[in-house]
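Here's the structure we're looking at; comments come further down.
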Amino acid sequence: MSDIAGLLTAPDRDAFLAGLAEDGPVSRGTYLDGTPVWLVTGHPESVAVLTDPRFSSDLARQSKIDVAAAAGLPADVAPYLMRTLGAYDPPDHTRLRRLVSREFTARRVERLRPRIQGIAEELLAGLPEEFDLIERYAYPLPIRVIGELLGVPAADRETWRSWAAGLGDPDLDRVAEGARGLVGYMAGLIADKRAAPADDLLSGLVRVLEEDGDRLSDEELISMSISILVAGHETTVSLISQSVWLLLTRSYELGEISDAVEEFVRYSGPAEIAVLRYTLEPVEIGGVTIPAGEAVQVVYAAANRDPRRFDRPDVLDPRRPDNAHLGFGHGIHYCLGAALARAETQIALTTLFDRFPGLAPAVPASDLGWQPGLRRALTSLPVRTAGRR
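Per numbering that gives the first Met the number 0, the sequence shown runs over residues 0 to 388.
Below you can see the structure in the form of structure tokens.
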């Protein structure tokens, strides 16, 4: 029986994923707290779960697993951090996504491209010959972008970064401090935006109003803004740094990098598992009947290596055609910030390798560390330059 904690801590991720595949596309496993769950690891089976309304993602409709407790979140603020867009079913999900999408648009993201480029160039200027790519580039770039997008004051950047980092800490006191800090801070910032709106996403979310008079409540605003703030930088930090590592250990032309982002997401994306689903009635999936009321865990990382969907799935191929990976989710819960993550990663990679065409690892792969937690992330990435443009 495989366990999700094993995937998140496995020293050899590829071997662990191969073991999951041997168990079949639908099998029994355990969640982070040891509770039995159904693991869905096949690509077509995962797509089926992510699109079938009989699989609920609304945490309020189940009592099998206390996900907030498993994450160490204190009860007084847990709802603000757990009630993300991914944790709602229609019609609540439809309503919230419509309201948020009124302001978080592709046009707003596209307008950010020149600013992303400018921040990337600024961060790369004046770097020493050897540096930690995560600390000096992959981390500050998404943090500055998402902060400016939302309208978070630059002076507060390090404070909320520390709180966000605390959410994944093994020390539950740090988790509680981070959770309460983020909720209190965002409540105050929303009040500021309401009193003095600006041309930023958070101000837009505060004032968005549907024709029928519907708008986001204060509780929903806090939850949605924290979700955008945290998810909007953590996953992109991981995607940029892991993509750089893959590029440093393989030989590609610079012109391929932008197009290769989808393959980086498939091969080693930061989102390894989906939000838990729960069966509202008995459902047959992959030849297995799952009873009503059962917890179901889709494993993106395994589905993205399914040989029934991807030719040579264990090979990193930047020119892979029809790359239908699940790294940004699928169906109604497809990641709202996918376009922003793509834009940041494309710009980050092309700018980095254009300036430092001879960039190389400063340590062997065996010296790299990986953060334990719900997303795949390097702890550091020491690199050295070999000339610059």
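Heads up, the beta-carbon is just placed ideally off N, CA and C, and yes, glycines get one too.
Note on geometry: alpha-carbon atoms of residue 128 and residue 112 lie some 27 Å from one another.
For the pair residue 80 and residue 67, the Cα-to-Cα distance works out to about 9 Å.
No Cβ-Cβ contact shorter than 7 Å links residue 16 with residue 1. Per DSSP, residue 327 lies in no alpha helix (DSSP H) and is assigned neither H nor E.
The alpha-carbon separation between residue 73 and residue 50 amounts to approximately 31 Å. By the neighbour-count criterion, in which 16 or more other beta carbons inside 10 Å mark a residue as buried, residue 171 falls on the exposed side.
For the options 220, 212, 90, 76, the alpha carbon positioned closest to that of residue 179 is the one of 76. From the listed residues 11, 199, 3, the smallest Cα separation to residue 365 is found for 11. Counting only the Cα atoms, residue 335 lies some 21 Å from residue 42.
Of all C-beta pairs linking the stretch 346-360 to the stretch 97-106, fewer than three are shorter than 8 Å, placing the two stretches out of contact. In this structure, residue 163 lies near residue 229, with their beta-carbon atoms less than 7 Å apart. As the crow flies, the alpha-carbon of residue 259 is around 10 Å from that of residue 344.
The C-beta of residue 216 has fewer than 16 other C-beta atoms within 10 Å across all chains shown, which makes the residue exposed. A contact between stretches requires three or more CB pairs, one per stretch, nearer than 8 Å, and the stretch 261-269 meets this requirement with the stretch 308-324. For residue 380 against residue 244, the beta-carbon gap comes to about 6 Å, under 8 Å, which counts as contact.
Annotated as proximal: residue 235 and residue 141, with beta-carbon spacing under 7 Å. When only Cα atoms are considered, residue 86 and residue 48 end up about 15 Å apart. Beta-bridge partners of residue 296 (DSSP): 38. Residue environment for residue 310: exposed (fewer than 16 other C-beta atoms within 10 angstroms of its C-beta). Unbroken alpha helix (DSSP H) stretches of 4 residues or longer found wholly inside the stretch 77-158: 77-81, 91-100, 105-123, 139-149, given in chain order. A straight line joining the alpha-carbon of residue 56 with that of residue 353 spans about 42 Å.
DSSP places residue 28 inside the beta strand (DSSP E), whose first and last residues are 25-29.
Assignment of residue 276 by DSSP, reduced to helix, strand and coil, places it in the strand class.
Runs of the alpha helix (DSSP H) lying entirely within the stretch 209-253, each at least 4 residues long, are 217-247 in chain order.
Residue 201 places its beta carbon 7 Å or farther from that of residue 146.
With a 10 Å radius around the Cβ and a threshold of 16 neighbouring Cβ atoms, residue 226 comes out buried. With contacts defined by Cβ atoms closer than 7 Å, residue 132 and residue 256 do not form a contacting pair. For residue 331, the closest C-alpha among the options 302, 233, 93 is that of 93.
Within the same chain, and ignoring the five residues on either side of residue 39 in sequence, the residues whose Cβ sits closer than 8 Å to its Cβ are 24, 25, 45, 48, 284, 285, 295, 296, 297, 298, 302. In the three-state reduction of the DSSP assignment, residue 54 falls in the strand class.
Rounded to the nearest whole angstrom, the C-alpha separation of residue 173 and residue 166 is 7 Å.
For residue 156, same chain residues with a beta-carbon under 8 Å away, outside a window of 5 residues either side, are 142, 143, 146 in chain order. Taking C-alpha positions only, residue 192 is separated from residue 205 by approximately 7 Å. Residue 136 is a Cβ neighbour of residue 122, given a cutoff of 7 Å. Residue 2 sits in a strand when the DSSP states are folded into three classes.
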